Amino acid sequence: MPKEPIIPEVVNHVEVVTRLGKGKGEQVAFSPDGDLLAVASSRGIYLYQTEAPEKVRYLDSGSWASSLTFSSDGLLLASGAKDGTVLVWGVASGERLRTLQGHSDSVQSVAFAPDRKALVSGAMDGTVILWDILSGERLTTLQGNVTSVRSTAYTSNGQALALRYEDSAVILRDAASGEIIYALPEANDRITSAAFSPDGRILALGSNEGSVVLRDITSGEQLRLLQVGNSYVSSLAFSSDGRTLASGGREEITLWNTATGDQLGILQGHSWDVRSVAFAPNGHTLASLGSIDETVILWDTLSGKRLHILQGYGSTVEDLAFSPDGSTLTWRSSSKVNVWDAVSEEMLQSLQGQSIFVNGLAFSPDSSTLASGVNEEITLWDVSTGKPRANLQGHSGDVRCLAFSPDGHMLASGSADQTVILWDVSSGKSLRTLHVYSDYDVTSLAFSPNGRTLASGTRFQIDLWDVANKELLRTLSGPSYFVNSLAFSPDGKTLAAAGTNTAQVILIDLSYLDNSVLKGPKGALTTLTFSPDGRILVTGSDDKTIILWDAISKQPLRTLEGQSDNVTSLAFSPDGHTLASGSEDGTVLLWGVR
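Per full-length UniProt numbering, numbering through the sequence shown is continuous, rising by one, with the last residue being 594.
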């Protein structure tokens, strides 16, 4: 951990110390021999040994890895990135062999030709590029559709390319000339996923209506209609022999016999949409990636049992908080609360309740209790055991935000029901319900350092409450749209507020109720926090940047860049030595003076 505090005099020496989390998972793929499982994520690529997944290698792609594929001999791995680049890796060495540049947007699909001499990549800019692997040169660029490319595949003989687009168009092209051989008729339902059989003869198309259509790729004839149910189909994969098809949907994976259309079984283990599925060459080991539950599961499809669960992947990081003693760092994601050791930088535990969606997170001042909001309820967790010790009920709308009073005796919760409830932490009883005079959700809360004042934010509005008398003191004009972040300066004299869709921070002098405005350079601000000594105000925005401001002069000191997506949360360690930043990329960066 950093040894000195982050103060204005040393901001030019602030650097990334480490990154926590494996990032947001995008796609899974097995090597041709089945020995390796590759996972593409916002942080890069992870290679697991299938039989011993605790043994893992990390390939730093330098950008958000959005797609990947192995060559037919397993010697090469290609990955597409959100920045439009395509990387070719040596699997054995982990060395980056080629960097291919030609797309202007995220590369959604990559595929090797059967002879490994060429590679095709499709991107959100609507272009398809064929590359010469040996030289790294672009062979040709295929255009003709204005929507993004979602899937690319070679037929088994390598002579044709099958392409699926965002608008559900499916086109077969000659791999040499690029000429269109055939275009499948437009589907009535929106196509949400696609997979090509290993021999390149059958195309499976999943829809938002919960059906899978199997089509002959050359004639377009419908061979089978598989009815999954009410859930839309989010991912598809054929087994290596083409006899089995796996379709991922809401919370489960369905296995199908492609010859008969019969359902073979259902695998249940994910808590929301299954983003990606892939069969191992043995035909019965399946990997699945959950979109919300942040896990990769290896299955034995014959028995339906889970072989391994690979954790550490994440979704958007919200409500970062150091424990008051600085020993742990917590944040919430869509499905759970993550607790990390701030010194060893290792995950200690994940706290998960009955719902997969967590809203709001707050640490008690004595570091013993975590509060998290789930739907209309609040759960109080014992940090030492990781077990819930109380559920607080009283809201009629989803909980949006939480804050402990400085003495830890009181918890405030803001909700979509336009109320703030003050709770007695020891008894779990409601002390008072404060009604916000607004038709909108309460989206942010902050106690003053002395605990006498509570600030609540909603749309265009900030309310200041007298905590002792539980009465409204005054209502202030907030930033434009919803107030998404509030923070008192450590001396309690200034309240900082940021709102969605604006690059401005409003600083409110609570002695005179005068406002001053800090204007960021571009992106809308998403989060803010003061350093423990109050000398620095830090803001994060949706342009992936963090700005350190001098809280006295109100001038920007330094802009930090390092997250691969929007910055969503910020927190200082109690000693001021470490700044934590969370992002939509599912990772947390720890910054310090070096």
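By construction, the Cβ of each residue, glycine as well, lies at the ideal position given by its N, Cα and C atoms.
Source: prediction; values computed, not measured.
If you drop the 5 nearest sequence neighbours on each side, which residues of the same chain put their C-beta closer than 7 Å to that of residue i?
| i | result |
| --- | --- |
| Ala195 | Ala204, Leu236, Ala237 and Phe238 |
| Asp319 | Trp331, Arg332, Gly360, Leu361 and Ser569 |
| Gly451 | Ser405, Pro406, Asp407 and Val467 |
| Asp33 | Gly74 and Pro281 |
| Ser193 | Gly206, Val233, Ser234, Ser235 and Leu236 |
Would you kindly work out how many angstroms separate the C-alpha atoms of residue i and residue j, rounded to a whole number?
| i | j | result |
| --- | --- | --- |
| Leu76 | Val110 | 12 Å |
| Ile266 | Ser364 | 42 Å |
| Asp398 | Gly373 | 8 Å |
| Asp542 | Thr526 | 7 Å |
| Ala371 | Arg164 | 45 Å |
| Asp313 | Leu307 | Going by the sequence as given, residue 313 is Tyr instead of Asp. Distance between the alpha carbons of Tyr313 and Leu307: 18 Å. |
| Asn157 | Pro114 | 7 Å |
| Ile191 | Leu579 | 43 Å |
| His103 | Gly122 | 8 Å |
| Ser350 | Val56 | 21 Å |
| Asp341 | Ala571 | 15 Å |
| Thr258 | Lys522 | 52 Å |
| Thr285 | Ala278 | 9 Å |
| His577 | Asn338 | 21 Å |
| Ile180 | Gly304 | 41 Å |
| Leu464 | Leu411 | 16 Å |
| Glu95 | Ser63 | 16 Å |
| Gly408 | Ser448 | 13 Å |
| Thr218 | Gly25 | 33 Å |
| Asn593 | Val146 | Per the sequence shown, the amino acid found at residue 593 is Val instead of Asn. Approximately 47 Å between the Cα atoms of the pair. |
| Leu476 | Gln461 | 6 Å |
| Thr244 | Phe70 | 21 Å |
| Asp125 | Gly283 | 35 Å |
| Tyr437 | Ser271 | 37 Å |
| Asp35 | Thr50 | 5 Å |
| Ala162 | Ser93 | 31 Å |
| Ala551 | Ala497 | 13 Å |
Does the separation of the CB atoms of residue i and residue j fall below 8 Å?
| i | j | result |
| --- | --- | --- |
| Thr127 | Gln143 | yes |
| Gly248 | Val274 | yes |
| Lys470 | Leu513 | no |
| Arg459 | Phe488 | no |
| Leu361 | Thr330 | yes |
| Arg173 | Gln108 | no |
| Arg474 | Val442 | no |
| Tyr48 | Lys22 | no |
| Val88 | Ser31 | no |
| Pro574 | Pro532 | yes |
| Gly74 | Ser106 | no |
| residue 617 | Ala455 | Not covered by the structure: residue 617. The range shown for the chain is 1 to 594. |
| Leu510 | Thr494 | yes |
| Arg215 | Leu225 | no |
| Ser240 | Pro198 | yes |
| Ser42 | Asp491 | no |
| residue 665 | Lys387 | With the chain represented from 1 up to 594, any question about residue 665 goes unanswered, as that position is not in the structure. |
| Ile6 | Val14 | yes |
| Ser444 | Asn484 | yes |
| Gly520 | Leu486 | no |
| Gly534 | Val567 | no |
| Leu348 | Thr301 | no |
| Ser79 | Ser61 | yes |
Which residues in the same chain as residue i place their Cβ atom closer than 8 Å to its Cβ, once the five residues preceding and following it in sequence are excluded?
| i | result |
| --- | --- |
| Lys554 | Leu507, Ser516 and Leu518 |
| Val538 | Leu528, Thr529, Phe530, Ser531, Ile546, Ile547, Leu548, Trp549, Leu570, Phe572 and Leu579 |
| Val343 | Met1 and Ser327 |
My assumption, with CB atoms under 8 Å, is that residue i sits in contact with residue j. Please give the rounded CB distance.
| i | j | result |
| --- | --- | --- |
| Ala175 | Ala160 | 6 Å |
| Asp466 | Thr453 | 7 Å |
| Ala81 | Ser66 | 6 Å |
| residue 629 | Pro556 | The question about residue 629 has no answer here: the residues shown for the chain are numbered 1 through 594. |
| Asp366 | Pro324 | 7 Å |
| Ala390 | Leu37 | That pair is no contact at about 40 Å. |
| Ile292 | Ser315 | 6 Å |
| Val28 | Val11 | That belief does not hold up - the Cβ atoms of Val28 and Val11 are roughly 40 Å apart, past 8 Å. |
Here's a check: name, in chain order, each residue in its chain whose Cβ is nearer than 6 Å to the Cβ of residue i, leaving out the five neighbours to either side.
| i | result |
| --- | --- |
| Leu139 | Leu130 and Asp132 |
| Ser413 | Ile378, Val399, Leu402 and Ile421 |
| Thr295 | Ile309 and Gln311 |
| Gln393 | Glu377 |
| Leu298 | Ala287, Leu307 and His308 |
| Arg19 | Thr587 and Leu589 |
Is any heavy atom of the ligand SAH found at a distance shorter than 7 Å from the C-beta of residue i?
| i | result |
| --- | --- |
| Glu221 | The ligand SAH is not part of this structure, which contains no ligands at all. |
Would you say residue i reaches chain B, if we count a Cβ-Cβ gap shorter than 8 Å as a contact?
| i | result |
| --- | --- |
| Thr260 | The chain labelled as chain B is not found in the depicted structure, where only one protein chain is given. |
Touching by the beta-carbon criterion (3+ pairs, under 8 Å), the segment 548 to 566 and the segment 582 to 593
yes
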